[in-house]
Each structure stands twice: as structure tokens, then as C-alpha cells.
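Colleague: The structure that follows is given in the form of C-alpha cells.
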Amino acid sequence: MPELPEVETVRRGLNRLVRGKVIEKVKMTYSPMVKTGVDTFCQDLLGQEILDVDRRGKYLLIYLTDHVLISHLRMEGKYNFFPDQVPANKHFHAFFTFTDGSSLVYQDVRKFGTMELLGKADVEAYFLSRKIGPEPTEADFDLEEFSRRLAKSKKPIKSHLLDQSLVAGLGNIYVDEVLFRAQVHPAQASNQLSAEQVTSLHQATIEVLQLGIEKGGSTIRTYKNALGMDGTMQDYLQVYGKTGQACPRCQTEIVKIKLGGRGTHFCPQCQVKYG
DNA sequence: ATAGATGTTACTGA
DNA sequence: ATCAGTAACATCTA
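Per this note's numbering, the first sequence starts with residue 23, numbered consecutively.
So this is what it looks like as C-alpha cells:
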């Protein structure tokens, strides 16, 4: 499910539903998802209180009494909260039962999601080693730095924005929206962008992800019913999934191509490649 | 009916 | 370094 706005929506839901609860029992039915070792993971979580749920890019950070649980939802990860009984489901892979009898259950059809249990002092190094860029906010996302780094790369701008190093949080839906807003062709080389385009991309990134958060994320393709899946952002998308429909700006048909292995939607009239 | 696609990231080999 | 391809997995669709 998640790009930054969806993960942020889940973060808010988790704080509302499980902050303050104490873990009494842990059951993992798909061990490979725990990258730091499933045995110690289950042991170390017992008795831990959920103090706060934070987010960095698309990563959830669940702050506990003595540890931090880093959870990445990848393509289809979801959290479900159950006040008492947990229904059977073949795609439930992690079960956290609290002392009050309620449960938080992680669901992931494709099993791509990951969990890691770190010490609080190790969090910074974790994101540094993965080269996760600044948060897409005016405060963190520096235009000059963005511009300098783009100038050093020949990568197609879409692929570059997706790699999380320039700015954290864009995924395949929102990146297409950002490129449309900024009127930049997805295959344009990073180092061939005009100063105006760079400024537009910077601004559009902040605005589109902020709008996504305000709308509670998008609910697309996968079903609702899990934490944070009640978003309406899908109603505000202008190009993603709009193949063959009229461009909202010029009425030209939106086309879909493949770029860097990802489906890519854009307006061939508004988003022209040059250079 | 089977190939291809699906909101992601990390690893491999050229 | 950098880049393209691929793997991890399950399901849906054209």
C-alpha cells in the first residue's frame, strides 16, 4: 500500500490505537520478514510498551521502552487492529497481543514487508546507510542541495526521484503526479533540467505529498478495512492510472510507458523531453 | 490460459 | 560508479 502519505496515515492510526499498550505475546508465522533475527525479535518485544510511532520516509518507527521496531510495508503491507478476537487470514504474518487483550496484526499478501528491531542509538545510522534523503518539507528539503545533486546525474528524473536519496517518500503513484505538476518528462535526464523545472519539482514534491497526507493517502487496487486505508487521494490523482483519459490541463490523452521497470503515466503534450 | 503487471527495495553482474 | 535487470511473493487481468 504505501508511499509516504499512506505510511503517515498508518502512523497516525497506530498512535491512536496502540500507543501506551504493552506487548504480552508475539507470534511470527513468516520468519524471513524479520531481518534482525526472529528469535531475539520475539523475546525482546515481550513486556515492551509502545511509547510512540514515528515515520521516516516510508519507514515506520515504533518506539518501545528499550528498542525501536522499524517496519517497512513495501508493496502490500498493512496493519489491522482487533480489540479482542483475531479472525483467521492466510495473509496475517505477525501478531502482537497486548496486556489488555487487544492485538495488532501485520498482513502482507506478497510478503515483501520487513521488520527490524534496533537500539535507539542505531536509528540514525540505519537511515544514513540506506541513503534516505530529507523529508519532503520546506524545513528539511533544501532546494540548493537538490539542484546540486541533480546536476551530477544522468539518471532519468523519475528513477532518480524514486530512489529515495534526493528526497524521501515518493513512490510510483506520487512521482507521476509530481512530474505532471512540474511539467517534466519522466525520462528527462536529471542533469538536463532547467533551473525552473528543478524549482517546480521541489515545490510539487512538497505539495503533492502534503496533499496526500491531508487526504489520508490513496486507496487503490487493494481493499480497505485496515489501518489508514480510508484515504481519498485517489480522487485527486491527475495522471496515475489515467491512461487514455484527457489531460486535465490540455485534454491530450494521458499515455503509459515503462521506465526503469515501472509503469509511468504522463501527458505527452505538457511533459516534453528536451536536451 | 499464460504472460505481464502490481503503492518497494536490495542485490548482482556488466 | 552506475545502471539495468532480477529476486523476494501472491494475485489479478488482458
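We put the CB at the ideal spot given by N, CA and C, even for glycine.
For S216, does the three-state DSSP call read helix, strand or coil?
Modeller: coil
Colleague: To the nearest angstrom, how far is it from the Cα of L281 to the Cα of D74?
Modeller: 38 Å
Colleague: Whose CA, out of V220, A143 and T51, lies closest to the CA of Q15?
Modeller: Limits of the chain in this structure are 23 at one end and 297 at the other, which puts residue 15 out of reach.
Colleague: How about A110 and V127: do their beta carbons lie closer than 8 Å?
Modeller: no
Colleague: What three-state label does DSSP hand M255 in the structure shown?
Modeller: Collapsing the DSSP output to three states places M255 in a helix.
Colleague: Are the CB atoms of V206 and Q186 nearer to each other than 8 Å?
Modeller: no
Colleague: Could you check what DSSP says for P54 in three-state terms: helix, strand or coil?
Modeller: helix
Colleague: Excluding the 5 residues flanking P270 on each side, which residues of the same chain have their C-beta closer than 7 Å to its C-beta?
Modeller: Q260
Colleague: Using 8 Å as the Cβ pair cut-off and three pairs as the minimum, do the segment 175 to 182 and the segment 134 to 147 touch?
Modeller: no
Colleague: Can you tell which of K49, S93 and L36 has its C-alpha closest to the C-alpha of K57?
Modeller: S93
Colleague: To which residues does DSSP link A116 through a beta bridge?
Modeller: M50 and Y128
Colleague: Using beta-carbon positions only, say whether G191 and G283 come within less than 8 Å of one another.
Modeller: no
Colleague: Flag this pair as yes or no: are the beta carbons of L231 and P27 separated by less than 8 Å?
Modeller: yes
Colleague: With DSSP collapsed to three states, give me the class of H89.
Modeller: coil
Colleague: Using CA atoms only, rank isn't needed, just tell me which of V197, L83 and T265 is closest to R34.
Modeller: L83
Colleague: If you count every other CB in all the chains shown that lies within 10 Å of the CB of G69, and 16 or more means buried, which is it?
Modeller: Classification for G69: exposed.
Colleague: Is DSSP giving P145 helix, strand or coil here?
Modeller: This sequence places Val at residue 145; Pro is not what is there. Correct three-state label for V145: helix.
Colleague: Got a sec, what are the start and stop residues for the beta strand (DSSP E) Y196 sits in?
Modeller: Careful: Y196 lies outside any beta strand (DSSP E), inside the alpha helix (DSSP H) at N194 to A204.
Colleague: Would the beta-carbon of F163 be found less than 7 Å away from any heavy atom of the ligand FMN?
Modeller: Ligands displayed in this structure: none; no statement on the ligand FMN is therefore possible.
Colleague: Which same chain residues end up closer than 7 Å to D162 when comparing Cβ atoms and leaving out the 5 residues on each side of it in sequence?
Modeller: P156
Colleague: Out of M255, L184 and Q214, point me to the one whose CA is closest to Y296's CA.
Modeller: Q214
Colleague: Distance, Cα to Cα, R152 vs T136?
Modeller: 14 Å
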